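I have placed the structure first, in the form of structure tokens, so that the comments after it can refer back to it.
Residue numbers (the numbering used here): 55 to 295.
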């Protein structure tokens, strides 16, 4: 078992482009990054043991098992970044209850369960940074995104409550809310729709996963030690315009 290190962070949902960009950027500033995936990629099998885990964020036992394995190997986490997400876009009149439940379970309930798993060790250690990756959809009434928008709005409320409960222990909790990012979700969007979104965005372009990662990196830095309970919107001015 390795001795506890204050420089270990977990990226929950590192399989997507934003999660991978966050993990890579945090590694570049010297943090030890533990990555979790819905399904463990074959490419990571020969990497350093203990840095990659298969994790089902809808299964409390899976979360508990992985968290205990990380703690046993590296000690209490310094940071936890929740990136795992799901979407089932449908108009409200056509949205199946099963789809609503699935989106809420992954995006919000899973975030709560992962946050809950790391809070006590962080409280004991007297330090910790929690970042939940939300979405500008929490602030914009995009048709078809009832479940997704509700789940991401819930993350912001969850972060505010966590910030007030954990602040006395030196633990911060914030949300990074991306806008239109050139990543997995947008690769499936019709070109005409992407063009309309870009035209509504002040910077007239899609964002990059690395730009989202930069906001997360800042929130884990010493310069962000007095920031908690906040939402940093990374949307190129979409909401402003």
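Built from N, CA and C at the ideal position, the CB exists for glycine as well.
For clarity, every value in this text was computed on a predicted model and none was experimentally measured.
Apart from sequence neighbours up to five positions away, the residues of its chain that approach residue 258 with a beta-carbon distance below 7 Å are 252, ordered along the chain.
One thing to note: residue 117 has its Cβ no nearer than 8 Å to the Cβ of residue 105.
By the neighbour-count criterion, in which a residue is buried when 16 or more other Cβ atoms sit within 10 angstroms of its Cβ, residue 97 is exposed. If you ignore the 5 residues before and after residue 238, its C-beta comes within less than 7 Å of the C-beta of 70 and 71, all in its own chain and listed in chain order.
Listed in chain order, the alpha helix (DSSP H) elements of length 4 or more contained wholly in the segment 71 to 121 are 71 to 82.
DSSP lists no bridge partner for residue 177. The Cβ neighbour count for residue 90, taken over all protein chains shown within 10 Å, is at least 16; the residue is labelled buried.
Residue burial annotation: residue 249 is exposed, with fewer than 16 other C-beta atoms found within 10 angstroms of its C-beta.
The beta carbons of residue 268 and residue 79 sit about 7 Å from each other, so the pair counts as a contact at 8 Å.
Between the segment 127 to 140 and the segment 163 to 171 there are three or more inter-stretch CB-CB distances shorter than 8 Å, so the stretches are counted as touching. Of 255, 88, 283 and 123, the smallest CA-CA separation from residue 290 is found for 255. With the rule of 3 Cβ pairs closer than 8 Å, the segment 194 to 207 counts as touching the segment 135 to 152. Taking C-alpha positions only, residue 102 is separated from residue 292 by approximately 40 Å. Taking the Cα positions, residue 247 is about 35 Å away from residue 82. By the C-beta density criterion, residue 279 is exposed, having fewer than 16 other C-beta atoms within 10 angstroms. Residue 210 counts as buried, since no fewer than 16 other beta carbons sit within 10 angstroms of its beta carbon. Residue 194 carries a coil assignment under DSSP once its states are collapsed to helix, strand and coil. Within the same chain, Cβ atoms closer than 8 Å to the Cβ of residue 93 are found at 69 and 108, the five residues on either side in sequence being excluded.
Counting of Cβ neighbours within 10 angstroms places residue 206 among the buried residues, the total reaching 16 or more. It is roughly 22 Å from the alpha-carbon of residue 272 to the alpha-carbon of residue 193. With 16 or more other Cβ atoms inside 10 Å of its own Cβ, residue 191 counts as buried. The beta carbon of residue 67 sits closer than 6 Å to those of 73, 137 and 138, all from its chain and outside the five residues before and after it, given in chain order.
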